[in-house]
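> In mature numbering (1 follows the signal peptide of the UniProt record, and there is no 0), the protein residues as written are -20 to -1, 1 to 301. One structure coming up, written as structure tokens, with questions to follow.
Pasting the structure below:
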């Protein structure tokens, strides 16, 4: 009798786990069914989930709105220089002259104090080149200068950034400065997916952010500097990247957002707070490979431990609020 009871209990637990797993899979794909495009590729996300070495991640089909991958998508975390995507978007919204010469000025951005840059204070380049350096090479002085030269100045610029986030429905997003150096610039993977979708209406963002490299000549004084893209994937022939922005601070970890192609789909891709210097790149490769082949790639044990610690820290912060 005892053995029969234990056997029945074991079967019941297994059944519960199966139902829970099925419910989780259904939940992660809930966006798909209602608005799915009938002409979309038939291939669906693999049933077996790929782990990532980032605290949060999300991949969404831009045409069907299908959630192809999701891991802690609503965790509110610092986003470092991913901030600069909104900095550029707000600048373009103002419809300012792209050929206007702007002096490099960081006086309004206190986070810039003591931060090294090759770009000389007071030297001049066009607003378009300021945008290029902000997006392609994540140049902090360029981002701070865009805010300084905005109508109404730095204060009006930050207000416009937050107003734009609110208008887009980015409920977990807040900006306090234009570079991403402050840990108070926060968002979530799900909010950044919204921003990536909105970026499709700004062709220049994609063009500038995906540029591989460029030599920029400054005036007053005259000098030239070579700049390269901070996302090493733009140099890879097997990647087709339409827009990208990287980010890193100690608080934010390594971050990467892209509009790119995976499994013959146009996707919005986000990974935040990645473990290790190149882990955000590795996660991009892992997720693309998983979506295209169904093969799961293991992540390092250190990354799992890092994610666990970060999750505990986030829970601790939530309990304090």
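Even glycine gets a Cβ: it sits at the ideal position worked out from N, Cα and C.
Opposite residue 221 in the DSSP bridges: which residues?
Here residue 221 is taken as the residue at index 241 of the chain shown, counted from 1. According to DSSP, which records beta bridges pairwise, residue 221 is partnered with 240.
> With distances taken between CB atoms, is the gap from residue 252 to residue 35 smaller than 8 Å?
Against the chain shown, residue 252 aligns to sequence position 272. Against the chain shown, residue 35 aligns to sequence position 55. The answer is yes: Cβ separation under 8 Å.
> Please go through the stretch 98 to 183 and give each complete alpha helix (DSSP H) segment of 4 or more residues, from N-terminal end onward.
Fully enclosed alpha helix (DSSP H) runs of 4 or longer: 107 to 116, 120 to 128, 133 to 148 and 169 to 178.
> Consult DSSP for residue 70 and reduce its assignment to one of helix, strand or coil.
What you label residue 70 is simply residue 90 of the chain shown in a count that begins at 1. Correct three-state label for residue 70: helix.
> Excluding the 5 residues preceding and the 5 following residue 286 in the sequence, name in chain order all residues of the same chain whose CB lies nearer than 6 Å to its CB.
What you label residue 286 is simply residue 306 of the chain shown in a count that begins at 1. Short of 6 Å from the beta carbon of residue 286, and not among the five residues preceding or following it, lie these beta carbons of its own chain, in chain order: 255.
> State yes or no: is the C-beta of residue 70 within less than 8 Å of the C-beta of residue 160?
On the chain shown, residue 70 is found 90 positions in, with the first residue counted as 1. On the chain shown, residue 160 is found 180 positions in, with the first residue counted as 1. Cβ atoms of residue 70 and residue 160: not closer than 8 Å.
> Kindly list the residues whose CB is nearer than 6 Å to the CB of residue 112, restricted to its own chain and excluding five residues on each side of it in sequence; keep chain order.
Against the chain shown, residue 112 aligns to sequence position 132. Counting only Cβ-Cβ distances below 6 Å, and skipping sequence neighbours, we find 188.
> Can you tell me which of 227, 56 and 73 puts its alpha carbon nearest to the alpha carbon of residue 178?
Position 198 of the chain shown, counted from the start, is the residue given in the question as residue 178. Of the candidates 227, 56 and 73, the one whose C-alpha sits nearest the C-alpha of residue 178 is 73.
> Could you check if residue 98 is buried or exposed, using at least 16 other CB atoms within 10 Å of its CB as the buried criterion?
Working through the chain shown from its first residue, we reach residue 98 at position 118. Its Cβ having fewer than 16 others within 10 Å, residue 98 is exposed.
> Grab me the residues of residue 140's own chain with a C-beta within less than 6 Å of its C-beta, minus the 5 sequence neighbours each way, in chain order.
Translated into the one-based positions of the chain shown, residue 140 becomes position 160. 70.
> Once you ignore the five residues that flank residue 272 on each side, which residues in its own chain have a CB closer than 6 Å to its CB?
In the chain shown, counting from the first residue as 1, residue 272 sits at position 292. Only 243 meet the Cβ criterion.
> Provide the residue(s) that pair with residue 38 in DSSP beta bridges, ordered along the chain.
Here residue 38 refers to the residue found at position 58 of the chain shown. Per the DSSP secondary-structure output, residue 38 pairs in a beta bridge with 50 and 250.
> Would you say residue 227 and residue 59 are within 8 Å of each other, going by their C-beta atoms?
Sequence index remark: in the chain shown, residue 227 carries index 247 (1-based). Sequence index remark: in the chain shown, residue 59 carries index 79 (1-based). Yes, they are a contact pair.
> Leaving out the 5 sequence neighbours to the left and right, which residues in its chain are closer than 6 Å to residue 238 when beta-carbon positions are compared?
Residue 238 sits at position 258 when you count from the first residue of the chain shown. Excluding positions up to five away in sequence, the list reads 221, 224 and 249.
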